[in-house]
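Beneath this line is the structure, given in structure tokens, with notes to follow.
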Amino acid sequence: MKLILSSAIIAFSLTTGVMTAGEPAKKVSLLSDKICLQWKSSKHGWVLNELSAYGKSLEIANYQHCVLYSSEKPSDSPLDPNEYGSSKKFPEEQYRYVIPSWNEATTSVALNRAGEGIFFLPDKAHRIDSNTIGFDHSSDKFSISEIWKIENNRIDVVLTLTAKKDGWYSIATPSVLQADDKNIDFAIIPGMLHGHGLGKNFSHDYAYGWDIPSEPVIFRERSTSTLTSILTTKSGVTFAVTAKPGTAAEPWGYDKRNHKEWRLGLSAMNRAKELSPTLYHPVLGQADSYMKAGEERCFSFIYTIDNNNWWESYNRIVNNIFKFDESLKLRKNRQSLTDRLYKIHKYVTNDSTSKWHTIQCEDLKIGAQEYLGGVYKAKKDAMKNADYGAMWMLGAMTADSLITDKRLPYARNFKIKQHVGDSGSMTGASKGQYYLRDSQIFVEEWGPYIEPIATTYYMLMDIGNILLFNPDDDELRSNLKNAADFLLRCQNEDGSWAVAYDNETGNEEFKDLRDYRPTFYGLVIAYRMLGDKAYLDAARRGADWLIKNAVDTHRWLGVCGDTRFAADFATAQAAQAFIELYELCNRKEYLDASIKTARFYTTSIYTNPVASEREVKVNGRKAQQWEITTSGLSYEHGGIIGSCNLHGPILLASHAGMFIRMYSRTGDKLFLDMARAAAIGRDAFVDNETGVASYYWAAMNRGAGPYPHHAWWQMGWITDYLVAEMELRSNGNIKFPAGFITPKVGPHRTFGFRTGTIDGDKARLVMKPGAFECNNPNVEVLLAEGDEYLYMMLMNDICHDQEVSIKVNPDLLGANAEEAYTSMLSPYGIETIKIPLK
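Under numbering that gives the first Met the number 0, the first residue of the sequence shown carries the number 0, and numbering increases by one thereafter.
What follows is the structure, encoded as structure tokens:
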């Protein structure tokens with residue numbers, strides 16, 4: 000890395016801005032009732048020498064203005080790991096999905112070593128009006144003008160660079176505030192970096208976002224959920240620099256993806272390694288960075304300085320700059336979520352479309368669906384069941400004998416064969432989430448190992464949900480106990496678990512990682528189902544360890560082995576798991592941990608680009624940008640090694656119901672808006688015939704593709720979301736008991752195993768295919784059946800009044816219904832129609 004610094008500037012930086020006698024006492028200031036920035040003229044140029052906010056004096060960056068320049072195009076090849084303090088073995092060669100992204104993230108540009116870092120102070124300053132000042136600078140390579148405008152706690156800046164010499168240029172945002180490593184409370188680039196200080200393991204800090212990397216790395220916009228870099232000091236001041244919307248590359252241009260395009264870089268450091276939030280545009284060597292002499296480039300961005308924590312600043316950035324809350328005004332459906340549920344019912348009961356297989360496994364017939372993604376040792380012969388809770392829920396809600404007689408018994412047998420039998424220390428553990436038909440073995444996703452969290456998932460979560468519907472299944476109950484006992488045996492003294500154990504040796508695997516995942520939740524289930532307090536005590540030890548080591552440090556680990564456990568939806572599961580532990584123990588620390596985790600998980604949701612009605616073309620079909628935007632969708636896994644780098648976000652919105660419930664507890668409206676943005680108006684990704692959405696955003700509307708079992712997850716999260724909305728909108732007058740979290744895509748839960756209440760009356764959720772027809776896709780129609788009445792619950796999905804007419808087939812409905820019902824629903828309104836049963 001080259002730093003071009005004159006000896007005069009270096010000397011000035013070391014004197015922390017103290018002027019020598021005889022220098023002209025010229026000053027310019029930007030003032031609001033909250034913030035003061037003052038620049039002073041020196042023989043070296045105009046330097047920021049006073050920064051205060053909310054009555055607090057803040058530490059000023061020494062290296063304040065920077066442009067990167069290269070006479071040659073920087074290389075796209077990764078650097079040798081020895082050059083940046085990493086291991087040549089990271090990531091290991093078997094992680095073929097991760098390695099290309101890691102290579103892109105370790106080029107000289109990404110590591111901020113390319114070209115020359117030219118630091119300077121502006122030559123001239125001039126006041127434009129009472130709230131606006133300008134600066135100008137000229138050198139042999141470029142000239143640059145800066146316009147700064149202040150209003151309240153916000154400073155809008157526009158930089159215009161004019162090249163004087165052919166070459167590649169990148170403009171850095173001027174460094175204003177800096178923080179010593181000891182004075183950082185928290186730094187975050189949403190979705191990419193989150194730490195409380197400088198890290199000690201570059202590979203882990205960079206790949207997993209656990210702390211601030213020791214190098215001034217530059218992140219891409221494509222996997223940054225909100226285009227801002229935020230730093231909160233221990234004095235309680237939060238400083239952020241945010242790109243003006245439109246600066247970054249659009250994920251979808253007019254008729255194609257732009258995932259290779261890099262127009263905005265984000266960093267927690269400046270080029271001189273000062274801890275100071277910094278953005279770069281254009282990115283050196285990337286689109287529009289090459290300039291002929293005389294060409295211009297503009298860069299617009301916003302500084303915000305708040306007297307609060309990162310969450311409140313981030314929340315305001317999301318809504319005030321990226322207009323996230325306003326984007327909901329554009330959303331509308333081509334088909335309702337409940338219409339999708341009925342279509343998915345048809346899809347999963349069709350052997351051909353659902354790719355269901357029943358095969359002999361030793362002494363039992365087992366059933367599952369094809370899985371054609373990458374799996375350890377698989378030769379396109381992997382089978383998997385995704386959402387056991389949704390499977391049993393659909394059987395109970397529809398009473399469809401094809402499900403109850405031809406699907407569930409064999410899915411249940413799959414679960415019987417999935418656990419490790421009497422085998423010493425591993426007895427009760429999950430063998431693996433996939434069954435290979437040809438090899439006739441169960442395997443984990445990406446290696447020959449057993450994971451404690453997989454036992455929480457595929458034994459305790461799945462079996463627990465089955466037992467809610469079938470409490471008399473003694474064999475499954477015994478297996479549940481064995482699984483819980485396995486977690487007890489392998490729990491460490493401090494309450495944690497290992498990430499995995501080698502199948503052959505039993506030795507611990509992935510010793511470089513910690514199990515920053517809600518493995519403890521399996522013991523919550525065991526306690527609820529079996530009542531043994533030893534399980535609750537162990538669950539609390541696990542939860543307490545996770546709070547100290549993951550919640551409080553913002554370190555999380557994922558559950559997808561193919562990306563070496565990059566952080567993912569397991570974080571959202573932790574938020575739900577803490578809530579359920581809180582409900583058992585009534586201990587405030589678990590409620591606080593749940594809220595803190597859920598807030599952090601909002602940074603796994605894209606809030607950019609700003610939704611608009613711009614015309615786009617998708618697979619030959621015209622649409623509007625809001626229909627296909629990434630904004631509002633969540634990662635499968637983020638960071639520099641997550642799948643979002645290749646495929647964008649995912650359409651599964653398992654977090655939506657949890658976010659609704661979190662809004663009910665906190666009043667933080669961002670949770671509510673994010674839940675609705677993920678769920679509503681996503682038809683561009685849904686196969687119209689089957690109601691099944693694609694998994695990855697990049698696939699648009701190709702349906703389930705190689706993941707037919709995902710349809711069950713979609714049924715599960717949609718139901719969880721709709722039930723949460725009903726409870727919220729009815730002020731708790733409509734409430735149905737929830738089951739356990741489902742592995743592994745997030746925190747949605749199952750329903751239908753017990754009656755709920757509607758205005759005090761007992762009722763159970765039901766589905767009645769063909770019994771009604773709704774003329775408005777923006778209105779959801781859910782059914783529940785009591786002893787005397789059928790309840791038809793209508794919900795408006797959008798923020799505009801909706802008129803709806805529902806035609807009814809009384810025979811299929813099983814009620815003394817009228818032929819049609821009409822209603823006018825207010826924005827996000829709800830109405831219950833009570834119909835006598837026959």
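All C-beta atoms, glycine included, are put in the ideal place defined by N, C-alpha and C.
- DSSP, reduced to helix, strand and coil, places leucine 651 outside both helices and strands of the structure shown, so it counts as coil.
- Listed in chain order, the beta strand (DSSP E) elements of length 3 or more contained wholly in the stretch 729-781 are 755-757, 760-765 and 771-773.
- Counting only unbroken stretches of 4 or more residues, the alpha helix (DSSP H) elements lying wholly within the stretch 412-467 are 451-454, in sequence order.
- Under the 8 Å Cβ criterion, the stretch 187-197 counts as touching the stretch 207-215, having at least three qualifying pairs.
- The residues Ile187, Pro189, Gly190, His193, Ser224, Thr225 and Tyr313, in chain order, have a CB closer than 8 Å to that of threonine 602 in the same chain once the five nearest residues on each side in sequence are set aside.
- Per DSSP, the unbroken beta strand (DSSP E) holding methionine 268 starts and ends at 264-268.
- For asparagine 48, the closest C-alpha among the options Lys342, Ser174 and Pro835 is that of Ser174.
- In the DSSP secondary-structure assignment, phenylalanine 238 is bridged to Leu230 and Ile304.
- Residue pairing of methionine 823 in beta bridges, as defined by DSSP: Glu802.
- Boundaries of the beta strand (DSSP E) around asparagine 795: 788-795.
- Secondary structure at glutamate 150: strand, using DSSP grouped into helix, strand and coil.
- Membership of cysteine 35 in the beta strand (DSSP E) is indicated by the continuous run 34-41.
- Under DSSP, proline 835 forms a beta bridge with Tyr788.
- Distance from the CA of asparagine 318 to the CA of glutamate 503, rounded to the nearest whole angstrom, comes to 52 Å.
- Taken through DSSP and simplified to helix, strand or coil, aspartate 324 comes out as helix.
- Runs of the beta strand (DSSP E) lying entirely within the stretch 519-567, each at least 3 residues long, are absent.
- With contacts defined as CB atoms closer than 8 Å, alanine 239 and glutamate 58 fail to qualify as a contacting pair.
- Beta-bridge annotation (DSSP): histidine 64 is paired with Phe119.
- Taking 8 Å as the cut-off, the beta carbon of glycine 284 is found no closer than this to the beta carbon of proline 99.
- The stretch 595-656 is shown to contain whole beta strand (DSSP E) runs of 3 or more residues at 614-617 and 620-623, in chain order.
- Around the beta carbon of serine 222, 16 or more other beta carbons sit within 10 angstroms, so the residue counts as buried.
- Between tyrosine 434 and methionine 382, the C-beta spacing is below 8 Å.
- Residue ranges of uninterrupted beta strand (DSSP E) with 3 or more members, entirely inside the stretch 146-223 and ordered along the chain, are 153-162, 166-171, 183-188 and 192-194.
- Taking glycine 751 as reference, the option from Ile465, Phe134, Arg488 and Ser729 with the minimal CA-CA separation is Ile465.
- Under the three-state reduction of DSSP, tryptophan 310 is assigned to helix.
- Three or more Cβ pairs closer than 8 Å define a contact, and the stretch 633-652 meets that threshold against the stretch 591-609.
- The beta carbons of serine 335 and valine 778 sit closer together than 8 Å.
- Linking asparagine 607 to leucine 78 through their CA atoms gives a straight-line distance of about 31 Å.
- Within the same chain, and ignoring the five residues on either side of lysine 25 in sequence, the residues whose Cβ sits closer than 6 Å to its Cβ are Ser40.
- Relative to glutamate 612, the option among Tyr253, Val216, Ser138 and Gln368 whose CA is nearest is Tyr253.
- Rounded to the nearest whole angstrom, the C-alpha separation of asparagine 269 and isoleucine 146 is 20 Å.
- Only buried fits cysteine 360, as 16 or more other CB atoms lie within 10 angstroms of its CB.
- From the listed residues Phe670, Lys405 and Lys743, the smallest Cα separation to arginine 598 is found for Phe670.
- Beta-bridge analysis with DSSP links arginine 296 to Leu160.
- Contact between valine 558 and lysine 743 holds, since their C-beta atoms are separated by about 5 Å, short of 8 Å.
- Boundaries of the beta strand (DSSP E) harbouring methionine 382: 381-383, taken from the DSSP string.
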